[in-house]
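A short write-up of the structure that comes next.
Residue numbers (the numbering used here): 28 to 168.
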């Protein structure tokens, strides 16, 4: 399982997008994708949307005002901007409590690393993954 596809950078326009749409999940249930999460979803390339997959539920709100929506292949998270967390990096981040855990919210989309891996930055650290690794590596700041 690879970590992800590259996502387009976030833009401040995401915060202003009040629209919503219905997208069918893998089970056929229609889920609402809206606001900044929809804006981020719409900003992704066709390949990135295919890798992200179908929503597995509606948007969820965190006590601190952030929101997230899980998809088959990743999660879109919004606090002040929207970012996608994918694959093995998402698995490790979720294991650590996601945005409410010790790493906090993502602060960038995933980027490629020189060794062929992937890296995501968070408020309090980074998670990296490279092909062949069973799990992603966490570095707390």
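Glycine is no exception: its CB is placed at the ideal position from the N, C-alpha and C atoms.
- Counting only runs of at least 4 residues, the segment 98–146 fully encloses the following alpha helix (DSSP H) elements, listed from N- to C-terminal order: 114–122.
- Assignment of residue 67 by DSSP, reduced to helix, strand and coil, places it in the helix class.
- In its chain, beyond the 5 residues on either side, 87, 102 and 104 have a beta carbon closer than 6 Å to the beta carbon of residue 95.
- Our two residues, residue 107 and residue 79, have alpha carbons roughly 21 Å apart in a direct line.
- Collapsing the DSSP output to three states places residue 51 in a strand.
- DSSP, read as helix, strand or coil, puts residue 157 in coil.
- Judged by DSSP secondary structure, residue 73 falls outside any beta strand (DSSP E) and instead within the alpha helix (DSSP H) spanning 73–79.
- Burial state of residue 63 is buried, judged by a 10 Å Cβ sphere holding 16 or more other Cβ atoms.
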